[in-house]
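Colleague:
There are 2 protein chains.
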Amino acid sequence: MGGAAGPLSGLHVVDLSTYVAGPSATAVLAQLGADVVRVDPLGGATDTRRLPLAPDGSSLYWSGLNQGKRSIEVDLRSEAGRDVVRTLLAVPGPGHGILVSNAVGQGWLAHEALLAHRPDLIQVHIAGRRDGRPAVDYTVNCEVGLPWLTGPVDSQLPVNHVLPAWDLLTGLHTALAVVAAVRERDSSGSGRIIELALADVAAVTMGQLGFVADVAVNGSARLRDGNYLYGSFGCDFATTDGRRVMVVALTERHWQHLVDLTGTREVVGALEGALHTDFGNEEARYRNRDVLSALLAPWFAARTHAEVVVALEQGQVLWGDYRTLEELVNAPDSPVRSGDLFAETEHPTGASFPVARSALRSRGWGERTPTVPVLGADTDDVLRDWLDLDDSKLAELHAAGALGSS
Amino acid sequence: MGGAAGPLSGLHVVDLSTYVAGPSATAVLAQLGADVVRVDPLGGATDTRRLPLAPDGSSLYWSGLNQGKRSIEVDLRSEAGRDVVRTLLAVPGPGHGILVSNAVGQGWLAHEALLAHRPDLIQVHIAGRRDGRPAVDYTVNCEVGLPWLTGPVDSQLPVNHVLPAWDLLTGLHTALAVVAAVRERDSSGSGRIIELALADVAAVTMGQLGFVADVAVNGSARLRDGNYLYGSFGCDFATTDGRRVMVVALTERHWQHLVDLTGTREVVGALEGALHTDFGNEEARYRNRDVLSALLAPWFAARTHAEVVVALEQGQVLWGDYRTLEELVNAPDSPVRSGDLFAETEHPTGASFPVARSALRSRGWGERTPTVPVLGADTDDVLRDWLDLDDSKLAELHAAGALGSS
């Protein structure tokens, strides 16, 4: 595994992170060719048994987030176990000495303490909040205002998101930090600690998207708006057989295709004349979204889903289909069934399921068939591979209780 | 700007992308020190005037997504204008020759065509779908199943998200692709094209999080679940004065703190005994989330928000506050008011507002004060800076109509 193809081959990452943000970061690094070792305490960290589970009790959550890595189990409370981690970080060479962590209050993982073992260590540390207080995706999301903007217009309650978007974005910032720091170290010879916080990623992103500037400049924010796309025209329509499609007219061309398809040119033109506006302009479409969607809805309501799909494709309308998770996985045209994007992987201890490849497609990248680790199963292999330990030394460490599994 | 500090200083990126994914990628590269030039067609691309707007009509959306970049305006329909872009890509040196694009069907931006001008070009091209068909965040999100899982349990309709999470994740994958490809080119001398699609990022991410494996292995997916956190205990509670807080007990320690705070040890213990379960186990908390939240709710409902906040902090409970966007920006403890995370930037043509720094904190990184471009205002500067053009050559290009603004 240490020699996999990809732009990050030659990098060796020690992953002491848990839950979503850190593990998703190192999973992406592994997809791009890095050799990633996830280190768990004996018995597994607190995220090891999270739902959903396979029938054999193994965590499909843990499997997905740790795909492409090797798993080792170490007694992180003992000095002997901690020495194993420090020694893994101290392996010579420009591709080693990389740590991703998110443990709170663990002094032995403090950057200053680790520098004694690896002076050019690169460490990315993920916190909940920048002052060290804990936070998770759900406690961060409510603070940036989005749950009051999500859901039906007449809803009186906040609506949480289901996708842990802040975790995932923090993960990709983490992966970017690792690669940027490696590039810097390759030329300067110096490592560094990079810190980031889930709450900061959320706030900064809200700034990037104009949410913050809108309030700062205009004094108030956009309002809750149901399933409408903000700032242009986009909404969902029901078909006669009870399915729904999302239709978007982001550009004038998209809009004209939609008007043509639905045969509403005359009525839309009359409305434009009466309102002295031009729906070729996205702001005009947005301001009049309720009347426009009401004008378009009957066309959809009079057709079956199958008829609508054919017509939307032929009419070059920008649209998407509302699917269930089951349909995402099982539809004949499911991306999950595409061998380019997912590989069917035999889990070593149980069920077989599709495991994702990198979304980045480039010749020679991502050719590694993704694998799923078993907790602790690679402990001896990694120590042989990275540290050149022989059987007697491994037996000694096992006897001392420093290592688990394998 | 070409010499800004940060791990990506020395990189020069030509940004021909629009909307959210590509621009957010290059904004992050700029935050880390890259010199990014956003290229717009004369008058600006179709995303130039998107809502929200400042009172002067400038787009706060465009400003946020293009922060830290310079803006040039080029007639992209003329050969003279296209030559300007090709020449910018052909500037010698290992930090040049980097392009981010997402235009559909523009043959002159095809990787093969550009290689004649820069044989080691790095190009990251973002598509909606991998087969080239268009898609945007909202038409991708509905296809991965999340809108049927979002919102109140009794809702009969899908609920779209408001955060363009797939755009943002695609953007960070793009930024990662750029830096990974640069590292590879630094050692191999070879450039490459990397392609990614919004729809693929969404599918792969659903795989990483275990959603796909859950259906593949167990035959069905989790159900719509309101504001509950999946797989452990987390939900929102109302205070007596009508505010809401999100409370999460991810670990056993979190749970014990919450039980202690709310004085529910006895009743929770009786329930555990009667149900033969142990709420120290996260799966047990999740399975019994309705009864547990009902047991805890009266404690919150009997207290004001101010009382609840003090008690949650003192009790070391993991929680977050439901805030509006206005509160995110204007609260006394707002991250937006932290000089470390945002800088108040005077927009050259209008309003002043807070602009985000990088979420990655490390000594010497992100010290650049973020700036906001004005469409086309840097055209001459960039051409002088990157191409060493003198005034007469610039005047010639302006006279030929190849350039806009400045």
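Residue numbers (our numbering), protein chains in the order written: chain A, 1 to 406; chain B, 1001 to 1406.
C-beta atoms are modelled at their ideal positions from N, C-alpha and C, and glycine is treated no differently.
Assuming L1115 of chain B contacts L1109 of chain B under a Cβ cut-off of 8 Å, what Cβ separation, rounded to an integer in Å, is found between them?
Modeller: Numbered from its first residue, the second sequence carries residue 1115 of chain B at position 115. Numbered from its first residue, the second sequence carries residue 1109 of chain B at position 109. L1115 of chain B to L1109 of chain B, Cβ: 12 Å. No contact.
Colleague: Check whether the Cβ atoms of Q1067 of chain B and P1373 of chain B lie closer than 9 Å to each other.
Modeller: Numbered from 1 along the second sequence, position 67 holds the residue referred to as residue 1067 of chain B. Numbered from 1 along the second sequence, position 373 holds the residue referred to as residue 1373 of chain B. Taking 9 Å as the Cβ cut-off, Q1067 of chain B and P1373 of chain B qualify as a contacting pair.
Colleague: How big is the Cα-Cα spacing for A213 of chain A and L397 of chain A?
Modeller: Taking the first sequence and counting its residues from 1, one reaches residue 213 of chain A at position 213. Taking the first sequence and counting its residues from 1, one reaches residue 397 of chain A at position 397. Approximately 56 Å, taken between the alpha carbons.
Colleague: Do you know offhand how far W1365 of chain B's Cα is from L383 of chain A's?
Modeller: Reading the second sequence from its first residue, position 365 is the one you call residue 1365 of chain B. Reading the first sequence from its first residue, position 383 is the one you call residue 383 of chain A. Answer to the nearest angstrom: the Cα atoms are 34 Å apart.
Colleague: Kindly list the residues whose CB is nearer than 8 Å to the CB of A302 of chain A, restricted to its own chain and excluding five residues on each side of it in sequence; keep chain order.
Modeller: Here residue 302 of chain A refers to the residue found at position 302 of the first sequence. The residues are T240.
Colleague: When you compare the CB of R1038 of chain B with every CB in chain A, is at least one pair closer than 9 Å?
Modeller: As a working note, residue 1038 of chain B is residue 38 in the second sequence. For R1038 of chain B, the answer is no, since every Cβ of chain A falls outside 9 Å of its Cβ.
Colleague: Of all Cβ atoms in chain B, is any one closer than 9 Å to the Cβ of H161 of chain A?
Modeller: Counted from its first residue, the first sequence places residue 161 of chain A at position 161. Closer than 9 Å to some Cβ of chain B, the Cβ of H161 of chain A qualifies, so yes.
Colleague: Within the same chain, show all residues whose beta-carbon is closer than 8 Å to that of L1053 of chain B, passing over the 5 residues directly before and after it, in chain order.
Modeller: Numbered from its first residue, the second sequence carries residue 1053 of chain B at position 53. The answer, listed in chain order, is S1059 and L1060.
Colleague: D131 of chain A by DSSP, collapsed to three states: which one?
Modeller: Here residue 131 of chain A corresponds to residue number 131 of the first sequence, with the count starting at 1. Residue state, collapsed to three classes: coil.
Colleague: Report yes or no: do the region 247-263 of chain A and the region 281-300 of chain A share at least 3 C-beta pairs separated by less than 8 Å?
Modeller: Yes, the region 247-263 of chain A is in contact with the region 281-300 of chain A.
Colleague: Between F1300 of chain B and chain A, is the shortest Cβ-Cβ distance under 9 Å, so that the two count as touching?
Modeller: Position 300 of the second sequence, counted from the first residue, corresponds to residue 1300 of chain B. Closer than 9 Å: no.
Colleague: So what does DSSP say about S342 of chain A, is it helix, strand or coil?
Modeller: Numbered from 1 along the first sequence, position 342 holds the residue referred to as residue 342 of chain A. First, the residue type needs correcting, since residue 342 of chain A is Phe and not Ser in the sequence shown. DSSP places F342 of chain A in strand when its eight states are reduced to three.
Colleague: Is the separation between the beta-carbon of L169 of chain A and that of L1209 of chain B shorter than 9 Å?
Modeller: Locating residue 169 of chain A in the first sequence gives position 169, where the first residue counts as 1. Locating residue 1209 of chain B in the second sequence gives position 209, where the first residue counts as 1. No, Cβ-Cβ distance for L169 of chain A and L1209 of chain B is not below 9 Å.
Colleague: In this structure, does DSSP put S1220 of chain B in helix, strand or coil?
Modeller: As a first step, residue 1220 of chain B is located in the second sequence; it is residue number 220 there, counting from the start. It is coil, neither helix nor strand.
Colleague: Quick check: what's the CA-CA separation for A1400 of chain B versus R1368 of chain B?
Modeller: Along the second sequence, one-based indexing puts residue 1400 of chain B at 400. Along the second sequence, one-based indexing puts residue 1368 of chain B at 368. One C-alpha to the other measures close to 36 Å.
Colleague: Terminal residues of the continuous alpha helix (DSSP H) containing R1285 of chain B?
Modeller: Within the second sequence, numbered from 1, the residue matching residue 1285 of chain B stands at position 285. Segment E1282 to R1287, the alpha helix (DSSP H) holding R1285 of chain B.
Colleague: What do you reckon, is the C-beta of V1247 of chain B under 8 Å from a heavy atom of the ligand SAH?
Modeller: Among the ligands in the structure shown, none appear at all, so the ligand SAH cannot be discussed.
Colleague: Residues in the same chain with beta-carbon distance under 6 Å from D380 of chain A, minus the five sequence neighbours each way, listed in chain order, please.
Modeller: As a first step, residue 380 of chain A must be located in the first sequence, where it is residue number 380. Same-chain partners within the cutoff: L394 and S406.
Colleague: Just the Cα atoms here: how many angstroms apart are V1329 of chain B and V215 of chain A?
Modeller: In the second sequence, residue 1329 of chain B corresponds to position 329, counting from 1. In the first sequence, residue 215 of chain A corresponds to position 215, counting from 1. Distance between the alpha carbons of V1329 of chain B and V215 of chain A: 7 Å.
Colleague: Under the three-state reduction of DSSP, which class applies to V1091 of chain B: helix, strand or coil?
Modeller: Sequence index remark: in the second sequence, residue 1091 of chain B carries index 91 (1-based). It is coil, neither helix nor strand.
Colleague: If you pair each beta-carbon of the region 314-327 of chain A with each one of the region 1145-1152 of chain B, do three or more pairs fall below 8 Å?
Modeller: As far as the Cβ criterion goes, the region 314-327 of chain A touches the region 1145-1152 of chain B, which means the pair count is three or higher.
Colleague: DSSP three-state label for F300 of chain A, please.
Modeller: On the first sequence, residue 300 of chain A is found 300 positions in, with the first residue counted as 1. The answer is helix: DSSP assigns F300 of chain A an H, G or I state.
Colleague: Given a threshold of 16 other Cβ atoms within 10 Å of its Cβ, counted over all protein chains shown, does L1223 of chain B qualify as buried or as exposed?
Modeller: Reading the second sequence from its first residue, position 223 is the one you call residue 1223 of chain B. Exposed, by the Cβ-count rule.
Colleague: Quick one: is A990 of chain B near chain A, going by C-beta distance under 9 Å?
Modeller: Since the first residue shown for chain B is 1001 and the last is 1406, residue 990 of chain B is missing from the structure and cannot be characterised.
Colleague: What residues from chain A crowd round L1109 of chain B, counting only those whose CB sits closer than 7 Å?
Modeller: Start at 1 with the first residue of the second sequence, and residue 1109 of chain B comes out as number 109. Ordered by position in chain A, no residue passes the 7 Å Cβ test against L1109 of chain B, which lies about 17 Å from the chain.
Colleague: For L250 of chain A, return the contacting residues in chain B, with the cut-off set at a CB-CB distance below 7 Å.
Modeller: To locate residue 250 of chain A, count along the first sequence from 1; it is residue 250. Going along chain B in sequence order, the residues near L250 of chain A (Cβ under 7 Å) are V1136.
Colleague: Count the other CB atoms within 10 Å of the CB of H1276 of chain B; is the residue buried (16 or more) or exposed (fewer)?
Modeller: The residue you call residue 1276 of chain B lines up with position 276 of the second sequence. Counting Cβ neighbours within 10 Å, H1276 of chain B comes out exposed, since fewer than 16 surround it.
Colleague: Ordered along the chain, which non-local residues of its own chain (more than five positions away) have a Cβ less than 6 Å from that of H1111 of chain B?
Modeller: Along the second sequence, one-based indexing puts residue 1111 of chain B at 111. Same-chain partners within the cutoff: Q1123 and I1193.
Colleague: Taking Cβ to Cβ, would you say G1128 of chain B is nearer than 9 Å to V1140 of chain B?
Modeller: Taking the first residue of the second sequence as 1, we reach residue 1128 of chain B at position 128. Taking the first residue of the second sequence as 1, we reach residue 1140 of chain B at position 140. The answer is yes: Cβ separation under 9 Å.
Colleague: Take P1055 of chain B as the anchor and find which of A:R86, A:V217 and A:L42 has the nearest alpha-carbon.
Modeller: Taking the first residue of the second sequence as position 1, residue 1055 of chain B is located at position 55. P1055 of chain B has its Cα closest to that of A:V217, out of A:R86, A:V217 and A:L42.
Colleague: Just to confirm the assignment: which complete beta strand (DSSP E) runs, minimum length 3, are found wholly within the region 336-402 of chain A?
Modeller: Entirely contained in the region 336-402 of chain A, the beta strand (DSSP E) runs reaching 3 residues are, in chain order, 342-346 and 352-356.
Colleague: Using the beta-carbon count (16 or more within 10 Å), is T1262 of chain B buried or exposed?
Modeller: Sequence index remark: in the second sequence, residue 1262 of chain B carries index 262 (1-based). Buried, because 16 or more other Cβ atoms sit within 10 Å of the Cβ of T1262 of chain B.
Colleague: Restricting to Cα atoms, I'd like to know which of B:L1099, B:E1079 and B:L1008 is closest to V1037 of chain B.
Modeller: What you label residue 1037 of chain B is simply residue 37 of the second sequence in a count that begins at 1. For V1037 of chain B, the nearest C-alpha among the options comes from B:L1099.
Colleague: Between the alpha carbons of D1236 of chain B and M1246 of chain B, how many angstroms are there, rounded?
Modeller: Within the second sequence, numbered from 1, the residue matching residue 1236 of chain B stands at position 236. Within the second sequence, numbered from 1, the residue matching residue 1246 of chain B stands at position 246. Rounded to whole angstroms, D1236 of chain B to M1246 of chain B spans 4 Å at the Cα level.
Colleague: If you follow the alpha helix (DSSP H) that D1056 of chain B is in, where does it begin and where does it stop?
Modeller: As a first step, residue 1056 of chain B must be located in the second sequence, where it is residue number 56. Neither: D1056 of chain B is in no alpha helix (DSSP H) and is coded neither H nor E.
Colleague: With H12 of chain A as the anchor, note down where its beta strand (DSSP E) starts and where it stops.
Modeller: Here residue 12 of chain A corresponds to residue number 12 of the first sequence, with the count starting at 1. H12 to L16 is the extent of the beta strand (DSSP E) around H12 of chain A.
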